[in-house]
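Encoded as structure tokens, the structure appears first; notes follow it.
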Amino acid sequence: YSDAHQMLEAEQLDFVDIATTVETHMPLVEMSAAKGLHIICQKPFAPTMEEAGNMVSMARDASVTLMVHENFRWQSAIRAVKECIETGVIGDVFWGRVSFRSAYDVYAGQPYLATDEKFIIQDLGIHILDIARFLFGDVSSISASTKRVNPNICAEDVATMMLNHQNGVTSIVDCSYATRLPTENFPETLLEVDGSKGTLRLTSGYQLMLHNEDGTRNVDVSPPVLPWAERPWHNIQESVFNIEQHFSDCIHANREPETSGEDNLKTLGLVYAAYESAQSGGQTITNLDDC
Numbered sequence: 339y340s341d342a343h344q345m346l347e348a349e350q351l352d353f354v355d356i357a358t359t360v361e362t363h364m365p366l367v368e369m370s371a372a373k374g375l376h377i378i379c380q381k382p383f384a385p386t387m388e389e390a391g392n393m394v395s396m397a398r399d400a401s402v403t404l405m406v407h408e409n410f411r412w413q414s415a416i417r418a419v420k421e422c423i424e425t426g427v428i429g430d431v432f433w434g435r436v437s438f439r440s441a442y443d444v445y446a447g448q449p450y451l452a453t454d455e456k457f458i459i460q461d462l463g464i465h466i467l468d469i470a471r472f473l474f475g476d477v478s479s480i481s482a483s484t485k486r487v488n489p490n491i492c493a494e495d496v497a498t499m500m501l502n503h504q505n506g507v508t509s510i511v512d513c514s515y516a517t518r519l520p521t522e523n524f525p526e527t528l529l530e531v532d533g534s535k536g537t538l539r540l541t542s543g544y545q546l547m548l549h550n551e552d553g554t555r556n557v558d559v560s561p562p563v564l565p566w567a568e569r570p571w572h573n574i575q576e577s578v579f580n581i582e583q584h585f586s587d588c589i590h591a592n593r594e595p596e597t598s599g600e601d602n603l604k605t606l607g608l609v610y611a612a613y614e615s616a617q618s619g620g621q622t623i624t625n626l627d628d629c
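This is how it looks when you write it as structure tokens:
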């Protein structure tokens, strides 16, 4: 089909997976909700918080499930870190870092990223911010700085953000597509977590180091390479499988997905608050509900 409306009229569908650019999300969500179809929507969810809120309301009014495809938190290495935190093996967490630094030529496959007015926070940082929320809880304030290193693009390719979480954890979220390392880590997210009884480190090659009073333990948490997947994308591809399975499970059990539209309002709000902070010279933003 070349027309979404014609497709929705002609087909009997179970759900719609909206994998289009951000400016098309709202009309497609509206069409799908009107047909009573469950919805997966790509990130970034909406170009404004107002549109995002409208789409959440549309889905709620139509009694359909709306999940945002925020898949990074579904990587098996990230889930392993979350499990360690929840077991209490490093005690009460007080600090963390979520880091994605690379010089991968992301523009070759997605040339529009070089011309967009917003880049790394909106495209990649949204994933890294969501991981921070997933691991450390909701956020009470954020400050940010950005930089454009690559002279051939329009927007920022480096961003550093500091988050104060509601439970007292402080985290640093940093993203870069201008960092040239001896070993290219793309597309891995690296983590550091400090707790009252020990530390966690997720390092290059999906190596998880856990240290506490019982000693130091190293665990390989490499994701599986699914039959249709390929390196180095296999961790992303596995997370896509995992989030789609989660969506299916939620539909069958009639429960809200982890990354529901309503939940994603909090991650999306951090994106726009980060831009607001960066534009103001790093001012701390506390009115996150108003972003």
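For the sequence shown, the residue numbers in the working numbering are 339 to 629. Using N, Cα and C, we set each Cβ at its ideal position, and we do this for glycine too. Since we're looking at a predicted model, the values are computed, not measured.
Contact between the segment 582–600 and the segment 386–406 (3+ Cβ pairs under 8 angstroms) = yes
DSSP puts I510 in a beta bridge; with which residues?
-> R435, M500
For the alpha helix (DSSP H) holding D587, just list the boundary residues, first then last.
-> 572–591
Rounded separation between A616 and V496 - CA only | 11 angstroms
So G553 is in the beta strand (DSSP E); what residue range does that whole segment cover?
-> 553–558
For the segment 365–376 and the segment 392–403, state whether three or more C-beta atom pairs, one from each stretch, are separated by less than 8 angstroms.
-> yes
What separation, rounded to the nearest whole angstrom, lies between the Cα atoms of M547 and S478?
-> 29 angstroms
Should V531 and V436 be called a contact, given that it needs their Cβ atoms to be closer than 7 angstroms?
-> no
Using DSSP bridges, identify the partner residues of V354.
-> I377
Does DSSP put K535 in a helix, in a strand, or in coil?
-> coil
What residues are listed by DSSP as bridge partners for E530?
-> R435, R539
Of the listed residues S577, F457, V507, C379, nearest to G475 (C-alpha basis) = V507
Test item: CB-CB of V578 and N409 under 7 angstroms | yes
In three-state DSSP terms, what is H549?
-> strand
Identify every residue that forms a DSSP beta bridge with S615.
-> DSSP output for S615 lists no bridge partner at all.
Measuring alpha carbon to alpha carbon, tell me which of S440, Y339, N505 ends up nearest F524.
-> S440
How is V563 classed by DSSP in three states: helix, strand or coil?
-> coil
Going straight from the alpha carbon of R690 to that of N556, what length do you get?
-> It is not possible to answer for residue 690, since the shown part of the chain is limited to 339 through 629.
Could you work out which residue in F472, L473, H376 is closest to E594 when comparing CA atoms only?
-> H376
Nearest candidate by alpha-carbon position, reference G543, set E551, S534, P561, F457 = P561
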